[in-house]
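Number of protein chains: 2
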Amino acid sequence: MSKQTKARIIDAAEALFAEQGYGQTSMREITSKANVNLASVNYHFGSKKNLIQAVLKRYFDVLMPQVDDMLEKLIPSQGRKGVDQLLQGLALPLLHLNAVQPNGTEIFVQLLGKGYTESQGHLRKFILGNYGETIEGLLSMLRIALPAIPADELFWRLHFAIGSFVFSMASSQALKDIAKADYQQDIEIQDVIAHLVPFVAQGISAEGYAREL
Amino acid sequence: MSKQTKARIIDAAEALFAEQGYGQTSMREITSKANVNLASVNYHFGSKKNLIQAVLKRYFDVLMPQVDDMLEKLIPSQGRKGVDQLLQGLALPLLHLNAVQPNGTEIFVQLLGKGYTESQGHLRKFILGNYGETIEGLLSMLRIALPAIPADELFWRLHFAIGSFVFSMASSQALKDIAKADYQQDIEIQDVIAHLVPFVAQGISAEGYAREL
DNA sequence: GTCTATACATGGATAGAC
DNA sequence: GTCTATCCATGTATAGAC
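Protein chains in written order, with numbering that gives the first Met the number 0: chain B, 0 to 212; chain Y, 0 to 212.
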C-alpha cells in the first residue's frame, strides 16, 4: 500500500536524519531501514530534498498552529520583557512536540538545524512558503515590542538570533557531549533552549546600533 | 612541479568552495579548474576533507598571529565594554584578510561558515588542534571581562555567539540579497560584522542567567 | 617524488516492465 | 502504483608511467 510505504519512509528517514544528519544519510540506508525499494523515495517524494521537507512538515503542522494560538493570546509587552515573553511563548510549543513523539522536540530541532544549514536555502523557502503568515505574525509582535528599532536593524538581529538557534540545534549533540565531558552536566534539549532564550532576548533587545568599524 | 600543483588546487578549491559550498563542489570541478589530474587531490591532500582544511589554513596562518598580537596589546576591561573591545579586536584582523587577497575576508568567512556547518565537527577539531592557544587566550580574556559569569554559562554563550557568526557567514550571500531586495541596502561583509558585534556583545554580557521553563 | 590513467564502490535519479 | 534494472556522477584508491 502506498500510504504505508510513504509513512515507513518518513519514519525511517526521520530517525536517520536526526541521528547522522541529512548529507550523511544515504537513500539506500533509508529504504532498507523502511523495508521498501530504493526507488520508492523518488517515486513518492520526487527527491531526497523533498523528503526532508516531508519529514519536517509532520512537525511543523503541529507546531505552527500552536504558535498562532500563542500569538493571539499574547498580551504585548515592550522592550526586553516583551521579547522574552515572545521567545518563551515560542519555546513552549516547541517542547510540546515531545507529546507528538518520544523525544520529538530534540528530533525536530536537530532536523531543523541540520536541514537549514545543509540545504542551501531550500528549507527557508519551504518555511516561508508554507508558514509565512505565522512568521509574519511573529515579526509584527517583535516590532510592537521594539518600536524604536528600525526595520532593517531588526532584520539583522532576527537573523543573528536564528543563527544562534539553528547552529545550537544542529550541533546540540556536540554541545551535550562537551558539557558532559567538561562541566559534568547532563544536558537535555530544554536546557539548551533555556540558556538560549536569555542570550537571544538580550541581543535582540539591545538599544545600541551598529557602529562603523 | 609539486608546489604549483598544490597551490593551483588550493586556489581553485578556495574559489569554488566559497562560491557554491563544500558539499556542492566536486573533486572533478576542482581539478579541472586547476588543470590538474583528478588523483592529485588525493595525492597531495589525502582527501577532500583535508583539502578544505588546507584552504582555510592559508587564512588562519595570517589571522591567528594577528589575534595573538591583539590579545597581548589589549588592556582588559570589565563587562560589556570589555566584551565589545574584544570582539572589535577580533573584527580588525578579520578585515585585514582583504589585504591577503582581494575579497579575502568574505571568502574566508564564507569558507568558515560553510565548512563549519557542513563538516560535522572536523573543522572544530582542526581549529582547536592547531590554534588552541589562541582560542584559550580569547577565552581567558573573556573570563576577565566577565568574572561574575560561571564557566559553564560562558560556555553556552560562547557557542551561541559562534552560532550567530557562523550562520551569518554561511548565509551571508542570502543576507546580502535579502537586504538589497527588501531594504535597498548594498551590504558588504564589514556591515554584517558591524551589526553582529553589538548583538553578540550584548548577549554575552547579559547579567541574567538561564531560568527554568 | 609527481603525476596519469583507470578501477571501484556508492551516491541519487529514471525509464520501463509488471 | 510499484519495483527492477540501469544510468551517470561522485569520492577514493591504486598501479604504473615519467
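Beta carbons are placed, not taken as given, at the ideal position from N, Cα and C, and that holds for glycine. Please read all numbers here as calculations on a predicted model, not as lab measurements.
Query, Result
"Start-end ranges of the alpha helix (DSSP H) lying completely within the stretch 155 to 202 of chain Y, minimum 4 residues", "171 to 182"
"Buried or exposed (CB count within 10 angstroms, at least 16 for buried), residue 190 of chain Y", "buried"
"Inter-residue Cα distance where the pair is residue 200 of chain Y and residue 43 of chain Y", "41 Å"
"Assigned exposure category for residue 80 of chain Y - 16 Cβ within 10 Å defines buried", "exposed"
"Between the CA atoms of residue 71 of chain B and residue 51 of chain Y - distance to the nearest angstrom", "47 Å"
"Residue 96 of chain B versus residue 184 of chain B: straight-line alpha-carbon distance, rounded", "24 Å"
"Buried versus exposed call for residue 103 of chain B [16 or more other C-beta atoms within 10 Å across all chains shown]", "buried"
"Element boundaries [alpha helix (DSSP H), containing residue 74 of chain B]", "Residue 74 of chain B -> no alpha helix (DSSP H), and no H or E assigned at all."
"Neighbourhood of residue 86 of chain Y by C-beta, 7 Å cutoff - its chain only, sequence neighbours within 5 removed", "196, 199 and 200"
"Residues of the stretch 164 to 183 of chain B with Cβ closer than 8 Å to any Cβ of chain Y, in chain order", "164, 165, 166, 167, 169, 170, 173, 174, 177, 178, 181 and 182"
"Within chain B, partners of residue 161 of chain Y - CB distance below 8 Å", "166"
"Distance, residue 18 of chain Y Cα to residue 8 of chain Y Cα", "15 Å"
"8 Å Cβ cutoff, residue 84 of chain B in contact with chain Y", "no"
"8 Å contact criterion, which residue 133 of chain Y and residue 67 of chain Y should meet: CB distance rounded", "6 Å"
"Listed by chain order, chain Y residues near residue 50 of chain B by CB distance under 8 Å", "Result: empty, since nearest Cβ-Cβ is about 17 Å, beyond 8 Å."
"Option in Y/65, Y/35, Y/175 and Y/38 with minimal Cα separation from residue 136 of chain Y", "Y/65"
"Where residue 13 of chain Y falls, given that 16 or more other Cβ within 10 Å makes a residue buried", "buried"
"Cβ pair residue 168 of chain Y, residue 111 of chain Y closer than 8 Å", "yes"
"Neighbourhood of residue 194 of chain Y by C-beta distance below 6 Å, restricted to the same chain and skipping five residues each side", "none"
"Status (buried if at least 16 other CB within 10 Å, exposed otherwise) for residue 207 of chain Y", "exposed"
"Straight-line Cα distance separating residue 98 of chain B from residue 58 of chain B", "11 Å"
"Cα-Cα separation, residue 53 of chain B to residue 32 of chain B", "17 Å"
"Chain B within 8 Å of residue 75 of chain Y, Cβ atoms only", "no"
"Extent of the continuous alpha helix (DSSP H) run through residue 102 of chain B", "Looking at the DSSP string, residue 102 of chain B is not in any alpha helix (DSSP H), and its letter there is neither H nor E."
"First through last residue of the alpha helix (DSSP H) which encompasses residue 144 of chain Y", "121 to 144"
"Cross-chain neighbours of residue 156 of chain B in chain Y, by beta carbon under 7 Å", "198"
"Rounded C-alpha distance that separates residue 203 of chain B from residue 166 of chain Y", "16 Å"
"Between the CA atoms of residue 161 of chain Y and residue 77 of chain Y - distance to the nearest angstrom", "21 Å"
"Length of the line joining the Cα atoms of residue 114 of chain Y and residue 28 of chain B", "25 Å"
"Buried or exposed by the 16-neighbour rule on C-beta atoms within 10 Å, applied to residue 128 of chain Y", "exposed"
"Top-ranked residue by Cα proximity to residue 171 of chain Y, from Y/116, Y/156, Y/138 and Y/105", "Y/105"
"Chain-ordered residues of the stretch 127 to 154 of chain B with a beta carbon less than 8 Å from chain Y", "150, 151, 152 and 154"
"Per-residue burial, residue 74 of chain Y [other beta carbons within 10 Å of its own, 16 or more giving buried]", "exposed"
"Proximal chain B residues relative to residue 201 of chain Y, where beta-carbon distance stays under 7 Å", "201, 202 and 205"
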